[in-house]
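A.B. asks:
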Amino acid sequence: MRQLRLKTVWLIVIPFFWFAAPTPNLLAAGSLLAVCGLWIRGWSAGTIHKDQEVATTGPYAFTRNPLYLGSFFIGAGVSLAGGHWVWPALFLTFYALVYSRAMTGEVRHLTELFPEAYGEYAANVPFFVPRRTPWRGSSAGGEAREGFRWAQYRRNKEWEASVGVLATFVALGAKVVFGA
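Residue numbers (the numbering used here): 25 to 204.
1. Quick check on DSSP: helix, strand or coil for Glu130?
2. Considering only the beta carbon of each residue, do Trp183 and Ala85 sit closer than 7 Å?
3. Are Lys199 and Pro48 touching if we call contact CB-CB under 7 Å?
4. Using the Cα positions of Gly54 and Thr117, report the straight-line distance between them to the nearest angstrom.
5. Please state the DSSP three-state secondary structure of Ile72.
6. By DSSP, does Gly291 sit in helix, in strand, or in coil?
7. Apart from the five residues just before and just after Val153, which ones in its own chain have a Cβ nearer than 6 Å to its Cβ?
8. Given a cut-off of 7 Å, decide if Gly101 and Leu137 are closer than it, judged by their beta-carbon atoms.
9. Exposed or buried, what is Ser163 when buried is set at 16 or more other beta-carbons lying within 10 Å of its beta-carbon?
10. Would you mind reading off the limits of the alpha helix (DSSP H) that contains Arg88?
11. Quick one: Cα of Ala105 to Cα of Glu140, how far?
12. Just how far apart, CA to CA, sit Gly197 and Tyr142?
13. What residue from Asn180, Arg179, Asp75, Phe41 has the CA that sits closest to Ser103's CA?
14. Between the region 88-96 and the region 107-127, can you find at least three pairs of beta-carbon atoms closer than 8 Å?
15. Given a cut-off of 7 Å on the beta-carbon distance, is the pair Gly99 and Phe115 in contact?
16. Please classify Pro83: is it buried, with 16 or more other beta-carbons within 10 angstroms of its beta-carbon, or exposed?
17. Among Gly107, Ser124, Ala79, which one has its Cα closest to the Cα of Ala44?
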C-alpha cells in the first residue's frame, strides 16, 4: 500500500508544480500546516518501533494514526499553498481513498500481531482525530521503552519527509518570487 501511495503522488507532482499559483499568504498558511504535519510525523517516527510492539506513548497516546495525521497536515498545507481550490479537492479525495485503506490495513495487521494489546488500545484511542488527553492504559506501562529518540527518527527515515516538504515550498516560493 505504501508503494501505491508514493507512486500515485508522483502522478500529480508535475501538473501541481506546472499549474500551481501560490500567493505569499497561501504559501505562509500552507507552510504552517506542513510544519505542524512534519512535527507530528517526526514525533511519531521517533517514538514508534514498527511491528515490535503497540505504540501507545507520545503521539500514539492521542491517536492511533499520528503518522497519517501528520501526512494529512502536510498534504493540506502543500495543496493549500498551490493556490487553487482544485489542489485541496484532489488532495482530500486522494487522502480519503488511499489513506483510509492504509489505516484499515494497519488495524488488521496490528490486530493479528498484538490481539490483546491492540484491542485494548483501539477501544480507548481514536482512529484518527486525537483525544484531548493522552491515554494511559495498562498496555502503556509495559510498552514505554524510551519515548522519542533521534536514532529511531533516523532509523524510520523521517528526515526524507522534511527534505521533500522543504523542496516543495522552495519551488512554490520561487514561483511567488519569480512569477514563474
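Ideal placement from N, C-alpha and C gives every residue a C-beta, glycine not left out. Being a predicted model, the structure only gives us computed values, none of them experimental.
C.D. replies: Let me lay it out:
1. DSSP places Glu130 in helix when its eight states are reduced to three.
2. no
3. no
4. 18 Å
5. coil
6. Coverage of the chain is limited to positions 25 through 204, which leaves residue 291 absent and any answer about it impossible.
7. none
8. No, Cβ-Cβ distance for Leu137 and Gly101 is not below 7 Å.
9. Caution applies to Ser163, whose pLDDT of 47 falls short of 50 and renders its modelled position unreliable; the model cannot decide the point.
10. Arg88 -> no alpha helix (DSSP H), and no H or E assigned at all.
11. 43 Å
12. 43 Å
13. Phe41
14. The region 107-127 and the region 88-96 touch, with no fewer than 3 CB-CB distances between them shorter than 8 Å.
15. yes
16. buried
17. Checking every option, the nearest Cα to that of Ala44 belongs to Gly107.
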